[in-house]
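Residue numbers (the numbering used here): 57 to 432.
Every residue, glycine too, gets a C-beta built ideally from N, C-alpha and C.
Inspection log for the structure reproduced underneath, given as structure tokens.
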């Protein structure tokens with residue numbers, strides 16, 4: 057059965073749609089069908105730097121919220137997503153600048169991480185010119201962190217919600233902290249004590265996991281500067297508390313990361329966790345990697361499984377199809393979306409089934425190109 061669904065998608069029993077955001081200011085609609093990935097639409101609505109795509113489903117419909125990483129005159133964009141994956145009915149609003157990641161939480165609220173602004177902010181939906189900032193937490197540091205070039209100031213890099221919906225977490229790459237907030241019924245945030253990572257790790261993104269055989273909840277955080285992944289135990293009370301359990305490299309002894317490599321995205325699917333590596337070129341010139349790990353179904357302990365090709369250069373994001381049988385990988389600098397098979401039983405990634413250049417190729421020194429990809 058695990059191969060049958062892949063076969064149905066590849067052989068055209070039903071097309072699957074994706075969205076991809078490009079730093080040039082465009083968001084592309086893509087369709088995957090019969091082992092072919094095609095561009096089916098594009099919107100460009102005053103956003104100078106679409107950086108992240110957050111999806112919601114309500115009353116049978118879908119919306120896409122596009123964050124803007126622009127340093128000035130930033131614009132949030134909200135779209136309806138139709139059944140063909142096309143973006144319709146744009147709603148634009150003023151946004152804080154430099155938003156690199158976002159999440160929805162509570163009963164209609166939006167949270168964004170401002171990397172260069174060193175802050176976390178929230179707004180009430182809808183995101184239009186009448187949606188003021190609800191909360192803003194601005195951080196400073198008295199001195200640089202261990203990695204002085206990258207940790208001269210706080211750099212919140214992601215916002216995501218725990219499985220209970222009661223807490224919002226924000227990895228801060230610059231401060232080596234995972235910031236934790238309790239979500240109040242009003243949508244306001246109450247700051248809890250942060251969890252400190254090892255110095256110089258630079259936490260970037262995170263994903264939760266819940267055991268189906270015990271009461272265990274785990275958090276997995278990818279560390280950009282440390283090129284590693286950390287498993288944190290989770291304890292609930294008035295505040296969510298984290299304790300570091302295990303840290304593994306995102307590379308192997310046979311294929312070690314070279315100088316300048318940067319771990320990027322992390323996703324959990326069932327009892328497996330995946331991390332993308334940027335700039336390692338483990339599979340040839342401008343061919344970076346995805347690291348795969350198994351998760352013990354009871355304890356949450358990680359075991360490294362394998363390193364496979366990302367089929368692109370500087371894979372900033374990737375997304376696993378809801379059915380679990382495909383992974384879409386966005387190479388930022390190569391500006392391509394690669395679709396690979398995934399075995400739902402073993403968690404292993406398989407062959408490349410489609411590949412498409414989307415938008416203009418980026419410049420590795422500028423960090424531009426394809427910023428995000430999601431299945432819709």
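- Task: Please classify residue 60: does DSSP put it in a helix, a strand, or coil?
- Result: Below a pLDDT of 50, predicted positions are generally treated as unreliable, and residue 60, at 40, falls in that range; the measurement from the model is reported next regardless. Collapsing the DSSP output to three states places residue 60 in a helix.
- Ignore the nearest five residues each way along the sequence and tell me which others in residue 468's own chain have a CB closer than 8 Å to its CB. Shown here, the chain extends from 57 to 432; a query on residue 468 therefore has no answer.
- Task: Write down the C-beta distance between residue 149 and residue 132 rounded to the nearest angstrom, noting that I regard them as a contact closer than 8 Å.
- Result: Confirmed, Cβ separation roughly 5 Å.
- Query: In the structure shown, what three-state DSSP assignment does residue 66 receive?
  - Reply: With a pLDDT of 47 at residue 66, under the threshold of 50, the modelled position of that residue is not reliable, and the figure given next carries that caveat. Secondary structure of residue 66 (DSSP, three-state): helix.
- Item | For residue 283 and residue 68, the rounded distance between their alpha carbons | Low local confidence applies: a pLDDT of 45 at residue 68 is under 50, so the model's placement there is unreliable, and no value is given.
- Query: residue 90: buried (16+ other C-beta within 10 angstroms of its C-beta) or exposed?
  - Reply: Per the 10 Å Cβ criterion, exposed.
- Is the Cβ-Cβ distance between residue 169 and residue 189 less than 8 Å? No, the pair does not count as a contact, with Cβ atoms beyond the cut-off.
- Compute the Euclidean distance between the alpha carbons of residue 253 and residue 200, then round it to the nearest angstrom. C-alpha of residue 253 to C-alpha of residue 200: approximately 15 Å in a straight line.
- Kindly give me the distance between the Cβ atoms of residue 405 and residue 373, rounded to whole angstroms, as I take these residues to be in contact under 8 Å. So it is not a contact: roughly 15 Å between Cβ atoms.
- How is residue 128 classed by DSSP in three states: helix, strand or coil? DSSP, read as helix, strand or coil, puts residue 128 in coil.
- Query: Out of curiosity, what's the CA-to-CA distance linking residue 412 and residue 94?
  - Reply: Answer to the nearest angstrom: the Cα atoms are 7 Å apart.
- Integer Cβ distance of residue 432 from residue 73, believed to fall under 8 Å: About 5 Å separates the CB atoms of residue 432 and residue 73; that is less than 8 Å, so the two are in contact.
- Message: Please classify residue 270 as buried or exposed, where buried requires at least 16 other C-beta atoms within 10 Å of its C-beta.
- Response: It counts as exposed.
- Item | Proximal residues to residue 331 (C-beta, below 6 Å), its chain only, five neighbours per side dropped | For residue 331, same chain residues with a beta-carbon under 6 Å away, outside a window of 5 residues either side, are 278, 285, 306, 319, 322, 347 in chain order.
- Query: Contact between the region 226 to 237 and the region 201 to 213: three or more CB pairs below 8 Å?
  - Reply: Counting Cβ pairs under 8 Å, three or more are found: they touch.
- Task: Output the distance between the C-alpha atoms of residue 163 and residue 242, rounded to the nearest integer angstrom.
- Result: Rounded to the nearest whole angstrom, the CA to CA distance from residue 163 to residue 242 is 9 Å.
- Residues that residue 114 bridges to, as DSSP identifies them: Partner residues in the beta bridge of residue 114, as assigned by DSSP, are 117.
- Using the beta-carbon count (16 or more within 10 Å), is residue 219 buried or exposed? Its Cβ having fewer than 16 others within 10 Å, residue 219 is exposed.
- Query: Taking the C-alpha atoms as reference points, what is the distance between residue 417 and residue 292?
  - Reply: Near 45 Å, if we compare the C-alpha coordinates of residue 292 and residue 417.
- Is any heavy atom of the ligand SAM found at a distance shorter than 7 Å from the C-beta of residue 182? Among the ligands in the structure shown, none appear at all, so the ligand SAM cannot be discussed.
- Task: Would you check if the distance between the CB atom of residue 274 and the CB atom of residue 356 is smaller than 8 Å?
- Result: Contact flag set, yes.
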